[in-house]
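Novice: Here this note's numbering runs 13 ahead of the position in the sequence shown, where the first position is 1. Glycine included, every Cβ here is placed at the ideal spot set by N, Cα and C.
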Amino acid sequence: MQLRGTLMLLGAAFFWGTTFVAQMTGMDGLGPFSYAAARYLLGFLSLVTVLIFTRKQRARERQQKNYRRGFSIGLLIGFVLFVASSMQQFAMQYTTAGKAAFITCLYIVFVPLGAKFLGATIRRENWLGAALAIVGLYLLAVDEEFSILLGDKILFVSAFFWTAQILLIDRFAAKVDLLELSAAQIFMTMVLSFAAMFALETPKFPAMINAWFSIFYGGVMSAGVAFTLQNYGQRYAEPAAAAILMSFEAIFGAWAGWLLLGEVMTTREIFGCVLMFVGMVATQWTLIKHSLSTARNTKKEQSQ
């Protein structure tokens, strides 16, 4: 079960990380809410298809394991997801895919701190990891004239909402129908994105057609597949463990930005990324040591 959860969360991280490129290219001629509306529409339609074909299987599973329906809590999480993803999408007009991926992944520091308010213990490495991540963020986001770009500020704030989304899913993942939860949160995000698009932008449907691949990838693979993988993966992982696995989206995002968009970071920005990644790992060091120790013990038992 743990291996399954790990692979699911890493899969989600891959799709999210590579979707940063789709988010950048998808806004060629489109506003952030227009791109998001089209993206989440495709994500919702893909999930509805899965819901229809798995309805009997899920009904049996709900009865056998006493799962609740996931629609109502999914709508709540969808509101948080809308705020987080909208801030991220808007911010990407003013930053790079690689920087956006790393700043977004500050949730790995915020998740343990947020869990503290839910009764968890804050260890010394959590504070050390937070300090390293903040220094790394400074080097990554603050230029030599000591000014922070608008996109970086918005991404920093959005990380708090991604934290809330992770903690909410952790709270309910073991209790509800996860496909219904995924569909409901994507539906809510889609509806709110369409509302924002018509209120704040002028929809350009030809531009949506031109950006079909970026919309498809961001909708089906990221919104549909990745968020569902996150929901199932978090059923088998603690929130802190899930956060560190999902934070690999930063690596995938920087890699995709370099490979597909030709983005190049300065030495200062690269060092900032390294510090942020070290901080991300440091904040979960006890968990990592425990996992490695468990793996070694299991290997010994199997060899005996």
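1) If you scan the segment 190-272 from start to end, which runs of the alpha helix (DSSP H) of 4 or more residues do you find wholly inside it?
2) In the DSSP assignment, what are the bridge partners of Arg-71?
3) If you run the structure through DSSP and keep just helix, strand and coil, what is Arg-81?
4) Would the beta-carbon of Met-210 fall within 8 Å of that of Phe-95?
5) Classify Ala-97: buried if its beta carbon has 16 or more other beta carbons within 10 angstroms, exposed otherwise.
6) How would you write the range of the alpha helix (DSSP H) that Tyr-48 sits in, first residue to last?
7) Anyone know if the C-beta pair for Thr-176 and Tyr-249 falls short of 8 Å?
8) Using 8 Å as the threshold, is the segment 254-272 in touch with the segment 20-31, meaning 3 or more CB pairs across them?
9) Once you ignore the five residues that flank Gly-164 on each side, which residues in its own chain have a CB closer than 6 Å to its CB?
10) Are the beta-carbon atoms belonging to Phe-80 and Asp-190 less than 8 Å from one another?
11) How about Leu-150 and Gly-18: are their beta carbons less than 8 Å apart?
12) How big is the Cα-Cα spacing for Val-291 and Phe-240?
13) Taking the continuous alpha helix (DSSP H) assigned at Thr-109, which residues delimit it?
14) Which residues in the same chain have their Cβ closer than 7 Å to the Cβ of Val-238, if we skip the five residues on either side of it in sequence?
15) Which same chain residues, not among the five before or five after Thr-117, have their C-beta less than 7 Å away from its C-beta?
16) Taking DSSP as the reference, what is the three-state secondary structure of Gly-91?
Specialist: With the structure as the only source:
1) Counting only runs of 4+ residues, the alpha helix (DSSP H) found wholly inside the segment 190-272 occupies 191-213, 218-223, 225-229, 240-248 and 252-259, in chain order.
2) For the purposes of this step, residue 71 is identified with residue 58 of the sequence shown, where counting begins at 1. Arg-71 pairs with nothing; no bridge assigned.
3) For this step, residue 81 is matched to residue 68 along the sequence shown. In the structure shown, Arg-81 adopts extended strand secondary structure according to DSSP, grouped into three states.
4) Within the sequence shown, the letter at position 197 stands for residue 210. Within the sequence shown, the letter at position 82 stands for residue 95. Not in contact: Met-210 and Phe-95 (Cβ atoms no closer than 8 Å).
5) On the sequence shown, position 84 is the one that residue 97 refers to. Around the Cβ of Ala-97, a 10 Å sphere holds 16 or more other Cβ atoms; the residue is buried.
6) The count along the sequence shown starts at 1 and reaches residue 48 at position 35. Where Tyr-48 is concerned, the enclosing alpha helix (DSSP H) stretches over 45-66.
7) On the sequence shown, residue 176 is found 163 positions in, with the first residue counted as 1. On the sequence shown, residue 249 is found 236 positions in, with the first residue counted as 1. No. Outside cutoff.
8) The answer is yes - the segment 20-31 touches the segment 254-272, with three or more Cβ pairs under 8 Å.
9) Position 151 of the sequence shown, counted from the start, is the residue given in the question as residue 164. The beta carbon of Gly-164 lies closer than 6 Å to those of Ala-104, Tyr-107 and Thr-108 in the same chain, with the five residues before and after it left out.
10) Working through the sequence shown from its first residue, we reach residue 80 at position 67. Working through the sequence shown from its first residue, we reach residue 190 at position 177. Sequence inspection shows Tyr at residue 80; the Phe mentioned does not correspond to that position. A Cβ-Cβ contact shorter than 8 Å links Tyr-80 with Asp-190.
11) Against the sequence shown, residue 150 aligns to sequence position 137. Against the sequence shown, residue 18 aligns to sequence position 5. For Leu-150 and Gly-18, no; Cβs fall outside 8 Å.
12) As a first step, residue 291 is located in the sequence shown; it is residue number 278 there, counting from the start. As a first step, residue 240 is located in the sequence shown; it is residue number 227 there, counting from the start. Distance between the alpha carbons of Val-291 and Phe-240: 26 Å.
13) Position 96 of the sequence shown, counted from the first residue, corresponds to residue 109. Counting along the chain, Thr-109 falls outside any alpha helix (DSSP H), and DSSP gives it neither H nor E.
14) As a position in the sequence shown, residue 238 is number 225, starting the count at 1. The residues Phe-28, in chain order, have a CB closer than 7 Å to that of Val-238 in the same chain once the five nearest residues on each side in sequence are set aside.
15) As a first step, residue 117 must be located in the sequence shown, where it is residue number 104. Around Thr-117, the same chain offers Gln-101, Leu-168, Ser-171, Ala-172 and Trp-175 as residues with beta carbons nearer than 7 Å, after the five sequence neighbours per side are excluded.
16) Along the sequence shown, one-based indexing puts residue 91 at 78. Gly-91 falls in the helix class under three-state DSSP.
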